Each structure stands twice: as structure tokens, then as C-alpha cells.
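Asks:
Protein chains in written order, with the numbering used here: chain D, 1 to 333; chain X, 1001 to 1322.
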């Protein structure tokens, strides 16, 4: 596949990432494909260790030895309309894209800020890295505006604060503000709320939603929380053991889940309105990716396992428009 | 930052000692009341190793006594301050900057670069530093002397720097070779320390965040990695200023530094050693205390700087003062 379709910002095709560890080769991501449209939110969902984070790190080319991006393309439409493959471009072009057109919000706001610099300096630096001619006053104004947008009270005072002087929620807001400093076209949020308490989580998510609309940017949300997906995303990719097992609009996946894994995952979400005797869970654990199971990677845990599941790997097939599933149950019908 | 520093008692004491050290080093050679090249015993042999003359029991004589040439040891130490400070500061700053840059590149780049640099520092560290410095200090002076002989500008410059006379260029050459010798053995220590901290700092999420905000490698290295590994190094630098002062004194104590009549503290102690303790005890004790105070001042300052340079402990210091 060459080139992007109309309105697409990012298209990842057949991405393979492996880690060559002493314990053996870890097949962390094996053939993941997805796309992001302009001003759209997609969610990558799955259990811990299913390759969500590695996928996005590969897009940002942050996979370091012993990890290696084995195969794949990640086409990205730049602001000037040029389409580039993020996995092949030179370091300087990559540097220009990082922080300017693709921004990243980390899981842990505590350590994503350099403890020696103020919030204002972080914004200043990010702006300067891409527009070296901008003068100090404009950046200061921009910093205050950004902090105001992420709902930090008295931003004029806060830009002079060091990270350790802020609370967790404030830090995550600051990180978001920093990532927005150059109006990115694509924001990757890697479990942005995992380390925050529930009330702050809601605020941060609301904030991301508003900002996404205001800035008309695309958002890739990584999470294991189905509630967040339902709240935030337009489309969802369910990942299992380094593969996409189901993809589709949020409505399609939530109301009409096809893959047994998705079904089980949705059942495992506790319903606060129902009095429950026991929390639902998926028996078994995520397989070790040094030696993924033959055939369908979910078959050891699947309640509907058939003979073919153990031998051959199912391919992602469409069940309706935009809704794809990789499962023999669907393919057989 | 200055406020927090003023709240640290040891910092203030160390700062004052260092300040006095620097002031004395700056003006010492100008206010010294006896020129170091005049041997007073020629006129008055009784002046050799005159004992301290402390009021009220005694008056009129040199306060802390005289050395073997009948020179007032306080006046001689005024020259000695300048020589010690210049040698230690330049050695440590040169050694530290070389060591820091090399260690930073080594730690951040990793791979083959790291391997080559680290094996090189291993080679330097494997030698006992004093022996290596002795080897350099023994070989270098002739060359530097030849250079100073023909280059009158360099001669005047270094003479002014050390507070010595220009026609002492042979001794100045010996001092400069101590520099070179010490810098050569000084940088590997910094490289090791910096590399170690860089290895852990470069894995921090904020370094990744800096990469992802599109900063260039050099900016990340010097703006985010370096300042985060610098506070142990700043402490190390101030401690090393003390060590370097003593190391330089050691080299000249062993006879590898300048010779007569240059009043280098280590050399002066070494000479007094021949008559120790009967006649020259006051000389050894006085110069020893001078070296001790210089070293103590830097050490106390280093301790306080470590607290002040870290924003977290700095705030604690300020808060204590409020």
C-alpha cells in the first residue's frame, strides 16, 4: 500500500516489533495495522503486555535495542501535505516531526518532566525546538494560554513552578499542555490517567476531549479501561498478544462484539447498577510472547476453541462496514 | 539560591574561608613585605629558623618565625597561596571539563564509542596516579622551559599568573608541567562518575519526553542529561580542589615541582623536613595549617553547594530560614 487515503493522518501497515532478549525473541507486535483519520480518536485496548505501548513507541521510533522494528510502514501526512514513512525517514526529519506534529503524553506524569526545569521552560523549549525564531514574550503568552486551557489555576504563577511543586493531576495537565505547545496533528496518549485517582481521571479525559475538538487533532488513546474507550473513542482496536483481534466503531464493538476475547473483556467490566456476586474474569493469562501459541493466539483461553484454531491463524475479515474480526468462528460462517 | 546558601552554616563558613583564600591569592604577591628571592641570612645568619615571636611574650620579630633563608614565613605563604590556587583551580577545571564531556558522550552514545572511551580511562586509572604524574612531571619541564625561553609573552603571562619573577622561568616550567601531569591523571575520575550517572539518567522518562518533543541529541545531552548529573560533579569539583591543592603540594614535596627560591607550600614543607622537629617545627606546622584551611574551605563549600544546587533541598534550606 502506498500513500494515504483522503482524510487519513496516520496509517500503520503490518508492523512487526521484536525484542531479542536473553530469554529468547519476544514477538511483541506481530502484524498490527491501523489507521487514524483527521480529528478522530482511536483507542488501542488490551491487557497489559499485549503490545499497545510498543506499537505507539514504534511509530515514534522509540524502540531501542534489544528491540527492533522488523517490518512495517507507518505513513504519516505532515502539515504541509507531504506523506512520509515514519519508520524510514532520517533523524533530522523525525526530530522535526516529534513534538511538532506528533506529540506524546506519557503514562507517568511524575517522571515525564525534567525536575530541574520549570513548567514554563518545558513549553519554551518545545516551542523553540521547532520555531527557533519565536521570541520569548510570545512563548510566555502561549505558555500561559496553554496552561489556562488545561485548566490550571493561576497559570502566570504556575509557569514558574518546578515539577515537584505540583500535584499529580496538575503535572499530567502540564504534560498535556507541553505536548500541545506546537498544535500537533496527532496526539498519542499512553494510559494518560492510569496513575491518577478517579476524580482527576474524569477531568483529564474531559480535558483531552475538549482540546481534541478545539485543536482539531487526532488522538490515539492507549488504555485497558473499557469505560474510557466508550467515553472517548470513535473507533477501537482490541489487541491481544501483539495482534489486533477486533476493530471497528465503538458502537459496533460494544454492541456487537464478535471475537470471544472482546466478549469476555466486555463482560469483565463491572456494572455499577447491578448487584454482582462475583467479578467476571478471563481465565488464564496472556501468553508469553517468546513462544506465542500456534494458530490463533487466544485459543488456550478461548471457550469456543475448535480444531482449526490450534493449527491456523485467522485473518482479520470484515463482518460489516468498518468492523473486522480475526476469529475462525466468524470466518467459518 | 543565594538566600538558601546564606542559611547554610557550613556553607557560609566554607565560603568565607574560600573567599579569604581567593583574596589572599589575588593580592598576596603584591602585599608580601619580603621578596622571596632575598636571602636574609646572608646579612644576618641568626635569622635562620627564627622561632615564632608571638606577643605578649615577644615582640618585634616575625610573628610565626622564619625559614632556612631567614625569610618571614607569613610573607612566603602569601606567594604560596597564589601558586596553590592557580594550580588547583586550573587542573580541576580543565580535568573536569574534559572528563565531563568525554563521560557524557560515552554514557549517552553507548556502544562502540562507550567501549573505546571506557577502555582508555581504564588504562589511565590502572596506573597509580601519583606515579603517572611523577613520570610526566619529570619529562615535561625541559620542553616547556624551551618554549618559555623563546616566547617572551608566555613568559610574562605565566610569571604574572603565578606571582613570580620572569627570570624564574625554569621554575615556572616546572609548575606548568605539574599542571599537565595532573590534568592527565585527573579527567578519568570525572569520566567514570559522569558516565555512571548518565547511564541511569538517560533511561529516565523525561529524557524520552525530551526526545519526543523534538530536541536535538546535543540539546538533550547538555540541557537535560548534564544538569541532572552535575550536582555530584560540582560537589566532586569542590572536594577535588582540596585534593588537587594537596596533590600539587605532594608533587613539589617530592621534588618534582619548582626549586629555590620559589615559595611553593609543598616544597617549603619538604625543605623544613630536614630540620624537623627541632628547629623547623613552626614552619611545618604553619604551612601545614595553611594547606589544611584551604582544603577545609573547599570541602565545606562543596557540601553546602550540593544542598543549594538541588531545588528540593534548596527549598528546605530556605524554609528553615523563614
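Here a beta-carbon is modelled for each residue, glycine too, at the ideal position from N, C-alpha and C.
Being a predicted model, the structure only gives us computed values, none of them experimental.
#1: Using 8 Å as the threshold, is the C-beta distance between residue 1265 of chain X and residue 1080 of chain X below it?
#2: What does residue 190 of chain D reach in chain X if we use C-beta pairs closer than 7 Å?
#3: Give a yes or no on whether 8 Å exceeds the smallest Cβ distance from residue 1304 of chain X to chain D.
#4: I'd like to know whether the C-beta of residue 1212 of chain X is nearer than 8 Å to at least one C-beta of chain D.
#5: Going by the DSSP bridge assignment, what does residue 16 of chain D pair with across the sheet?
#6: If you draw a straight line from the alpha carbon of residue 1214 of chain X to that of residue 143 of chain D, how long is it in whole angstroms?
#7: Under 8 Å between beta-carbons, which chain D residues line up against residue 1216 of chain X? List them in chain order, please.
#8: From residue 1235 of chain X to residue 1270 of chain X, what does the alpha carbon distance come to, in whole angstroms?
#9: Rounded to the nearest angstrom, what separates residue 1201 of chain X and residue 1104 of chain X at their Cα positions?
#10: Please report the straight-line C-alpha distance between residue 45 of chain D and residue 223 of chain D, rounded to a whole angstrom.
#11: In terms of DSSP beta bridges, what is residue 219 of chain D paired with?
#12: Would you call residue 1211 of chain X buried or exposed, if buried means 16 or more other Cβ atoms sit within 10 Å of its Cβ?
#13: When the Cα atoms are used, what is the spatial distance from residue 1218 of chain X to residue 1171 of chain X?
#14: Any chance the segment 148-160 of chain D sits against the segment 78-90 of chain D, with 3 or more Cβ pairs inside 8 Å?
#15: Identify every residue that forms a DSSP beta bridge with residue 103 of chain D.
#16: Would you please verify whether the beta carbon of residue 261 of chain D is less than 8 Å from any beta carbon of chain C?
#17: Given residue 14 of chain D, which residues of its chain have a CB within under 8 Å of its CB, disregarding the five upstream and five downstream residues?
#18: Taking the alpha helix (DSSP H) that residue 1195 of chain X falls in, what are its first and last residues?
#19: Is residue 33 of chain D close to chain X? Criterion is C-beta to C-beta, closer than 8 Å.
#20: Return the first residue and the last residue of the alpha helix (DSSP H) that residue 280 of chain D is part of.
#21: Taking 8 Å as the threshold (C-beta atoms), are residue 1087 of chain X and residue 1069 of chain X in contact?
#22: Quick one: give me the first and last residue of the alpha helix (DSSP H) that residue 247 of chain D is part of.
#23: I'd like the list of long-range same chain contacts for residue 1094 of chain X, defined as Cβ closer than 6 Å, with 5 residues on each side in sequence excluded.
#24: Counting only Cβ pairs nearer than 9 Å, list the residues of chain D close to residue 1228 of chain X.
#25: How far does the alpha helix (DSSP H) with residue 1286 of chain X in it reach, from first residue to last?
#26: If the cut is a Cβ gap below 8 Å, which residues of chain X does residue 100 of chain D touch?
#27: For residue 21 of chain D, tell me which candidate among D:136, D:288, D:330, D:237 has the shortest Cα-Cα distance.
Replies: Reading from the atomic positions:
#1: Translated into positions along the second chain, residue 1265 of chain X becomes position 265. Translated into positions along the second chain, residue 1080 of chain X becomes position 80. Yes, the Cβ-Cβ distance between residue 1265 of chain X and residue 1080 of chain X is below 8 Å.
#2: Translated into the one-based positions of the first chain, residue 190 of chain D becomes position 190. Within chain X, no residue comes near residue 190 of chain D; the closest Cβ sits about 11 Å away, beyond 7 Å.
#3: The residue given as residue 1304 of chain X occupies position 304 in the second chain. No, residue 1304 of chain X does not count as interfacial toward chain D.
#4: On the second chain, position 212 is the one that residue 1212 of chain X refers to. Output row for residue 1212 of chain X: interface = yes.
#5: Residue mapping note: residue 16 of chain D aligns to position 16 of the first chain, counting from 1. Note: residue 16 of chain D sits in a beta bridge opposite D:30, D:71.
#6: Stepping through the second chain from its first residue, residue 1214 of chain X is reached at position 214. Stepping through the first chain from its first residue, residue 143 of chain D is reached at position 143. In a straight line, the C-alpha of residue 1214 of chain X is about 18 Å away from that of residue 143 of chain D.
#7: For the purposes of this step, residue 1216 of chain X is taken as residue 216 along the second chain, with counting starting at 1. Neighbours of residue 1216 of chain X on chain D, chain order: 95, 129.
#8: In the second chain, residue 1235 of chain X corresponds to position 235, counting from 1. In the second chain, residue 1270 of chain X corresponds to position 270, counting from 1. Taking the straight line joining both Cα atoms gives about 30 Å.
#9: Here residue 1201 of chain X refers to the residue found at position 201 of the second chain. Here residue 1104 of chain X refers to the residue found at position 104 of the second chain. For residue 1201 of chain X and residue 1104 of chain X, the distance between alpha carbons rounds to 11 Å.
#10: The residue you call residue 45 of chain D lines up with position 45 of the first chain. The residue you call residue 223 of chain D lines up with position 223 of the first chain. Whole-angstrom Cα-Cα distance: 5 Å.
#11: Translated into the one-based positions of the first chain, residue 219 of chain D becomes position 219. Looking at the DSSP assignment, residue 219 of chain D forms a beta bridge with D:41, D:187.
#12: Here residue 1211 of chain X corresponds to residue number 211 of the second chain, with the count starting at 1. Buried is the call here.
#13: Here residue 1218 of chain X refers to the residue found at position 218 when the second chain is read from its first residue. Here residue 1171 of chain X refers to the residue found at position 171 when the second chain is read from its first residue. The straight-line gap from Cα to Cα measures roughly 42 Å.
#14: no
#15: Taking the first chain and counting its residues from 1, one reaches residue 103 of chain D at position 103. Beta-bridge pairing links residue 103 of chain D to D:187.
#16: This model lacks chain C altogether; the protein chains it does include are D and X.
#17: Sequence index remark: in the first chain, residue 14 of chain D carries index 14 (1-based). If we look at residue 14 of chain D and ignore the five residues flanking it on each side, its Cβ neighbours are 31, 32, 33, 71, 72, 73.
#18: Locating residue 1195 of chain X in the second chain gives position 195, where the first residue counts as 1. Taken as a continuous stretch (DSSP letters only), the alpha helix (DSSP H) holding residue 1195 of chain X covers 1169-1201.
#19: The residue you call residue 33 of chain D lines up with position 33 of the first chain. Chain X contact via Cβ: absent.
#20: Counted from its first residue, the first chain places residue 280 of chain D at position 280. From DSSP, residue 280 of chain D is part of no alpha helix (DSSP H); its letter is neither H nor E.
#21: In the second chain, the residue the question calls residue 1069 of chain X occupies position 69. In the second chain, the residue the question calls residue 1087 of chain X occupies position 87. Their beta carbons are not under 8 Å apart, which means residue 1069 of chain X does not touch residue 1087 of chain X by this criterion.
#22: For the purposes of this step, residue 247 of chain D is identified with residue 247 of the first chain, where counting begins at 1. No alpha helix (DSSP H) holds residue 247 of chain D; the beta strand (DSSP E) holding it covers 243-249.
#23: Residue 1094 of chain X sits at position 94 when you count from the first residue of the second chain. Counting only Cβ-Cβ distances below 6 Å, and skipping sequence neighbours, we find 1183.
#24: Along the second chain, one-based indexing puts residue 1228 of chain X at 228. Within 9 Å Cβ-Cβ: 114, 115, 116.
#25: Counting from 1 along the second chain, the entry for residue 1286 of chain X is found at position 286. 1281-1309 is the extent of the alpha helix (DSSP H) around residue 1286 of chain X.
#26: Numbered from its first residue, the first chain carries residue 100 of chain D at position 100. Neighbours of residue 100 of chain D on chain X, chain order: 1214.
#27: Within the first chain, residue 21 of chain D is the residue found at index 21, counting from 1. Ranking the options by Cα distance to residue 21 of chain D, first place goes to D:288.
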